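Here's the structure, in structure tokens; my notes come after.
Numbering (full-length UniProt numbering), first residue to last: 1 to 574.
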């Protein structure tokens, strides 16, 4: 940008939560990228941005003359013109954008107005963070986006702490195609981390990057093989006055353990928190604020003896700092992410933040709930011990490889051991046990199938705008290949009137939650739903399709299956 080769940038993040967090940070610094007398726009680009107060306050007000100007008396108003904010397809036209990576990926797929998104990305730096979170489908779409950026002469910056060499090579190849070069990145050794790979029109630079001493950290690994042992560990932590998190792989497992802890009286109810994805936005925001208050960087005496049972929702977006942590076995890159929430900031022995010096707490230990170790595992090695985890992470061979390398190393040392850990699980030359032969074949088949299908969804720009630009135009397109989800609205009946579960501004939007289609098909009979004429009237008022809208009536928890503390469960609680 300083050299005049780009006029703006777009930050693409994996989730709306991470995008919101980045927007908060950029809102304090983005003007430093431009001259003092300029007036660039900063936009938040994702489907739920209207629920973020900081963004709403940043939209420029409309003057009596019809022009849009920042309100100089309101610091938060230094954001963007309302014209940018009224549609996601126009959002990328703002000079600086922060949002989900999906908003940029739609530019190279046959979505309506994709050319407007391409225009928004022109003369911009695309900065994509946490790209290891992309699955086979998203990775292939991302490669198409990178190729298009390169062919248009735009720069792309990709960031990841846990990217495998195989993934890096595909991304390098994509950018190389865009600049019409044939480039092959060099092989990396286990000590080659952190590493910078730079591809230009004339050269490839591949070199080590120095890291700051203060970001180096070491976390020991401990193993637990039963939920009872995990509960005992939580009790010991609470008794010592430590705060502890248990990250579970499934919502159902998290809810079940939360209830067990309530019944056991090991933890006082006011010291116990549950956080997962099946909460309405209203409750999710409240719980997120509670989590940051109790476990965040600035937390102090209030953190003592607190327990949070959570799912993957705290892996990336929340800056939390736990004294102790338990995690269900997960792929190694996710465990590294989770370990980053363990003793994240320097504190004294009482849990108070220190500006400098050594952390005075006990040595950090990530305790992992996993099956008993087996050198020659059978196909049901994971499913027999952790059924829900086996469903959430179906590549059981990678789970076994994760347990093997962590048992061998005994410690996660960052950044020294990052390359070794990642390549020992995701490397092309890893040896998979015979017991996982069938699973491995299925996973490989799905990997290549997803990539091939994603390739069909990419626009072919070579012939220009014509019928041949896309192989197919499916009725449903998505930047993510995931199980179908269902949108649910929570409502209350007050004096015969249907009202939103949440209160305040954007009440209906804050009363929404989404669940997997398969979960809803199994549990929908357990909920009281709006039907008949009340549903028809509600759909007319909210501009929803009656054939697809689902409104759950919230009354007593035992009847309706939803509570502010446990989320959406169903009467069976399964």
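The beta-carbon is built from N, C-alpha and C at its ideal position, and this holds for glycine as well. Remember, predicted model here, so these are calculated numbers, not experimental data.
Contact test: residue i Cβ vs the ligand HEM heavy atom, cutoff 6 Å
i: residue 479; result: The ligand HEM is absent from the structure shown, which contains no ligand whatsoever.
As assigned by DSSP and simplified to three states, the class of residue i
i: residue 569; result: coil
i: residue 194; result: coil
i: residue 384; result: coil
i: residue 46; result: coil
i: residue 26; result: helix
i: residue 63; result: Only weak support exists for where residue 63 lies, its pLDDT of 49 falling under 50; the value from the coordinates is given anyway. Residue 63: coil per DSSP, three-state reduction.
i: residue 449; result: helix
i: residue 11; result: strand
i: residue 233; result: helix
i: residue 485; result: strand
i: residue 335; result: helix
i: residue 347; result: strand
i: residue 458; result: coil
i: residue 35; result: coil
i: residue 266; result: coil
i: residue 530; result: coil
i: residue 352; result: coil
i: residue 256; result: helix
i: residue 398; result: helix
i: residue 53; result: helix
i: residue 18; result: helix
Per DSSP, the bridge partner or partners of residue i
i: residue 500; result: 491
i: residue 368; result: 223, 327
i: residue 563; result: 567
i: residue 405; result: Beta-bridge pairing links residue 405 to no other residue.
i: residue 245; result: 308, 325
i: residue 550; result: 488
i: residue 217; result: 414
i: residue 539; result: Answer by DSSP bridge pairing: none, since residue 539 is not bridged.
i: residue 80; result: 59
i: residue 513; result: 488
i: residue 342; result: 322
Euclidean distance between Cα positions of residue i and residue j
i: residue 235; j: residue 189; result: 42 Å
i: residue 40; j: residue 31; result: 8 Å
i: residue 73; j: residue 38; result: At residue 73 the pLDDT is 49, less than 50, meaning the model places this residue with poor confidence; the figure from the coordinates comes in the next sentence. So the alpha carbons of these two residues sit roughly 18 Å apart.
i: residue 504; j: residue 96; result: 30 Å
i: residue 3; j: residue 35; result: 14 Å
i: residue 117; j: residue 488; result: 30 Å
i: residue 335; j: residue 367; result: 10 Å
i: residue 410; j: residue 375; result: 17 Å
i: residue 400; j: residue 438; result: 14 Å
i: residue 124; j: residue 1; result: 9 Å
i: residue 184; j: residue 500; result: 56 Å
i: residue 298; j: residue 349; result: 15 Å
i: residue 76; j: residue 92; result: Residue placement at residue 76 cannot be trusted, given a pLDDT of 45 that sits under 50; what the coordinates show is reported in the next sentence. Answer to the nearest angstrom: the Cα atoms are 20 Å apart.
i: residue 14; j: residue 495; result: 42 Å
i: residue 108; j: residue 360; result: 50 Å
i: residue 100; j: residue 341; result: 22 Å
i: residue 211; j: residue 460; result: 40 Å
i: residue 339; j: residue 516; result: 28 Å
Residue closest to residue i, alpha-carbon to alpha-carbon, out of the options
i: residue 457; options: 546, 422, 105; result: 105
i: residue 177; options: 163, 158, 336, 143; result: 143
i: residue 332; options: 300, 266, 275, 395; result: 395
i: residue 347; options: 303, 375, 367, 315; result: 303
i: residue 122; options: 514, 480, 9; result: 9
i: residue 250; options: 565, 389, 26; result: 389
i: residue 200; options: 155, 164, 325; result: 155
i: residue 283; options: 229, 486, 564, 570; result: 564
i: residue 450; options: 498, 429, 379, 481; result: 481
i: residue 566; options: 479, 344, 308, 428; result: 308
i: residue 248; options: 120, 146, 325; result: 325
i: residue 203; options: 266, 186, 23; result: 186
i: residue 478; options: 137, 402, 243; result: 137
i: residue 42; options: 84, 521, 21, 18; result: 84
i: residue 363; options: 344, 294, 355; result: 344
i: residue 168; options: 181, 179, 134; result: 134
i: residue 278; options: 328, 129, 485; result: 485
i: residue 241; options: 356, 222, 29, 268; result: 268
Identify every run of the beta strand (DSSP E) within the stretch 268 to 333, keeping only runs that are complete inside it and at least 3 residues long; order them along the chain. Unbroken beta strand (DSSP E) stretches of 3 residues or longer found wholly inside the stretch 268 to 333: 272 to 275, 307 to 310, 324 to 328, given in chain order.
Where are the beta strand (DSSP E) runs, 3 residues long or more, that stay fully inside the stretch 87 to 131, in chain order? List check, beta strand (DSSP E) in window: 96 to 100, 124 to 128.
Please give me, in chain order, every unbroken run of the alpha helix (DSSP H) with length at least 4 that falls completely inside the stretch 130 to 208. DSSP runs (the alpha helix (DSSP H)) wholly in the stretch 130 to 208: 136 to 151, 165 to 178.
Residue ranges of each alpha helix (DSSP H) run of no fewer than 4 residues wholly in the stretch 417 to 446, ordered along the chain? 418 to 426
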